[in-house]
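Numbering (the working numbering), first residue to last: 10 to 301. Here the structure is laid out as structure tokens; the discussion comes afterwards.
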């Protein structure tokens, strides 16, 4: 009994023994099969869950923020790529429209030349217009066909609508076209006059287109003999007489027929079929007569 009091008098040893006993009791209690937790366990678990919740949610928000920042960077890159694709699409669409328009234009000219070949045995070569001068004293066009392509001076140049002019100068790779607007009986350098007739009146109608009136934008067909059946709205074409201009090239439409200067012949005012414009392509008429 005395030993027990001595042992209890040692506080450290007494606390250790109590702790050990409590530990054994708690262990036994915890290992036992139970349907519910004790209040200390509930308190400890709830406290731990609350603390974890306080730290977990902010940590989740912070992690989500960094993830969102990363997604924004990816989104910005994707947006940049989409803008590039949109620009490429717009460029490709414009390019496609240009090519489509060019194809339509060439197809139209090709059909025109094929129809003309059925009427007259001419060869037609499409030429690109390089430059155009519209000065009153020098209305000319430069095309990208030259002597290497078989072009010769005085070959006729047409558009789909009608006669435009004649080849005046030729180099190896280009040629100069003098427009019909340069026709002037008083100019020795003017292109040669055109022997013409009215469509469906070939052999009955005849005249010479020799000049162009820049004030009225009309051609003048002179030397029309008396009794000629030519009249307003007739379509005027080249007759082929003289061999310089191939026959059957459309020149224009008659506006009116007037009595000539001396009353012996008539003069027809012709509206050109080929509106003188900013041409992109023209057609050179190749004939056997022009070959050397």
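Glycine included, C-beta positions come from ideal geometry on N, C-alpha and C. Just so it is clear, the structure is predicted and the values come from calculations on it, not from any experiment.
Three-state secondary structure (DSSP) at residue 25?
Against the chain shown, residue 25 aligns to sequence position 16. Reduced to three states, the DSSP call for residue 25 is helix.
State whether the segment 176–191 contacts the segment 241–248, with contact taken as three or more CB pairs (one from each stretch) at a distance under 8 Å.
no
What did DSSP end up calling residue 207 once you bin it into helix, strand or coil?
For the purposes of this step, residue 207 is taken as the residue at position 198 of the chain shown. Note: residue 207 maps to strand in three-state DSSP.
Limits of the unbroken beta strand (DSSP E) element including residue 281:
Mapped onto the chain shown, residue 281 falls at position 272. Looking at the DSSP string, the run of the beta strand (DSSP E) that includes residue 281 is 275–281.
Look at the alpha carbon of residue 161 and the alpha carbon of residue 292, and state the distance between them as a whole number of angstroms.
Within the chain shown, numbered from 1, the residue matching residue 161 stands at position 152. Within the chain shown, numbered from 1, the residue matching residue 292 stands at position 283. Between residue 161 and residue 292, the C-alpha separation is close to 14 Å.
Please state the DSSP three-state secondary structure of residue 91.
The residue labelled residue 91 in the question sits at position 82 within the chain shown. It is helical.
Looking at the unbroken beta strand (DSSP E) that takes in residue 212, where does it start and where does it end?
Here residue 212 corresponds to residue number 203 of the chain shown, with the count starting at 1. Looking at the DSSP string, residue 212 is not in any beta strand (DSSP E), and its letter there is neither H nor E.
So, helix, strand or coil for residue 232, using DSSP?
As a first step, residue 232 must be located in the chain shown, where it is residue number 223. It is a strand residue.
Would you call residue 283 buried or exposed, if buried means 16 or more other Cβ atoms sit within 10 Å of its Cβ?
The residue you call residue 283 lines up with position 274 of the chain shown. With 16 or more other Cβ atoms within 10 Å, it is buried.
When DSSP labels each residue in this structure, what does residue 86 get in the three-state scheme?
Here residue 86 refers to the residue found at position 77 when the chain shown is read from its first residue. DSSP places residue 86 in helix when its eight states are reduced to three.
Does DSSP put residue 187 in a helix, a strand or coil?
Along the chain shown, read from residue 1 onward, the residue named residue 187 stands at position 178. In the structure shown, residue 187 sits in a strand (DSSP, three-state: E or B).
Here's the rule: buried if 16 or more other CB atoms are within 10 angstroms of the residue's CB, otherwise exposed. What is residue 206?
As a first step, residue 206 must be located in the chain shown, where it is residue number 197. With 16 or more other Cβ atoms within 10 Å, it is buried.
In its own chain, which residues sit with a C-beta less than 8 Å from the C-beta of residue 178, not counting the 5 before and 5 after it?
Stepping through the chain shown from its first residue, residue 178 is reached at position 169. The answer, listed in chain order, is 162, 184, 185.
Given that a residue counts as buried once 16 or more other Cβ atoms are within 10 Å of its Cβ, and exposed if not, what is residue 271?
Position 262 of the chain shown, counting from 1, holds the residue named residue 271. Classification for residue 271: exposed.
Tell me whether residue 25 is buried or exposed, calling it buried when 16 or more other Cβ atoms sit within 10 Å of its Cβ.
Looking up residue 25 in the chain shown gives position 16. That one is exposed.
Using the three-state DSSP reduction, which class does residue 156 fall into: helix, strand or coil?
Residue numbering aside, residue 156 sits at position 147 when the chain shown is read from its first letter. It is helical.
Measuring straight from C-alpha to C-alpha, what distance separates residue 214 and residue 237?
Mapped onto the chain shown, residue 214 falls at position 205. Mapped onto the chain shown, residue 237 falls at position 228. Each residue's Cα considered, the two are about 5 Å apart.
For residue 114, which three-state DSSP category applies?
As a working note, residue 114 is residue 105 in the chain shown. DSSP places residue 114 in helix when its eight states are reduced to three.
Neighbourhood of residue 268 by C-beta distance below 7 Å, restricted to the same chain and skipping five residues each side
As a working note, residue 268 is residue 259 in the chain shown. Excluding residues within five positions, the ones whose Cβ falls inside 7 Å are 275.
From 224, 222, 228, pick the residue whose C-alpha is nearest to that of residue 216; which is it?
If you number the chain shown from 1, residue 216 lands on position 207. When only C-alpha atoms are compared, the closest one is 228.
Would residue 192 and residue 211 be called neighbours here (beta carbons separated by less than 8 Å)?
As a working note, residue 192 is residue 183 in the chain shown. As a working note, residue 211 is residue 202 in the chain shown. Against a cut-off of 8 Å, the Cβ pair of residue 211 and residue 192 comes out as no contact.
Tell me whether residue 131 sits in a helix, a strand or coil according to DSSP, three-state version.
As a first step, residue 131 is located in the chain shown; it is residue number 122 there, counting from the start. Three-state result, residue 131: coil.
Can you have a look at residue 200 and say buried or exposed, based on whether 16 or more other CB atoms are within 10 angstroms of its CB?
What you label residue 200 is simply residue 191 of the chain shown in a count that begins at 1. Buried, because 16 or more other Cβ atoms sit within 10 Å of the Cβ of residue 200.
Between which residues of its own chain and residue 224 is the CB-CB distance below 8 Å, once the five residues before and five after are set aside?
For the purposes of this step, residue 224 is taken as the residue at position 215 of the chain shown. If we look at residue 224 and ignore the five residues flanking it on each side, it has no Cβ neighbours.
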